[in-house]
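Chemist: Residue numbers (this note's numbering): 25 to 104.
This structure is in structure tokens; I'll ask about it shortly.
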């Protein structure tokens with residue numbers, strides 16, 4: 025796009041393209057932060073559900089195969 029703008033674009037075209045690029049960078053950062061927040065909330069929710077389940081129901085969750093699965097709690101970390 026930069027090559028085309030250099031050859032054919034007006035100053036307004038170039039300014040608009042720079043605005044698009046800046047908004048794209050901002051959207052990427054907001055998306056990254058949202059992903060981190062979602063993962064953190066998911067971890068808290070899974071921990072709360074695990075605490076609410078009695079040990080006898082540990083295998084009472086069905087997976088995609090239709091078989092019961094056991095859930096384990098883990099303390100992971102998010103590198104970002």
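Backbone N, C-alpha and C define an ideal beta-carbon position, used for all residues, glycine too.
When you compare only the Cα positions, how much space is there between residue 70 and residue 54?
Modeler: Roughly 24 Å between the two C-alpha positions.
Chemist: Measure the alpha-carbon distance for residue 41 versus residue 56 and round it to whole angstroms.
Modeler: When rounded, the distance between both Cα atoms is 23 Å.
Chemist: If you follow the alpha helix (DSSP H) that residue 69 is part of, which residue opens it and which one closes it?
Modeler: Its alpha helix (DSSP H) spans residues 35 to 76.
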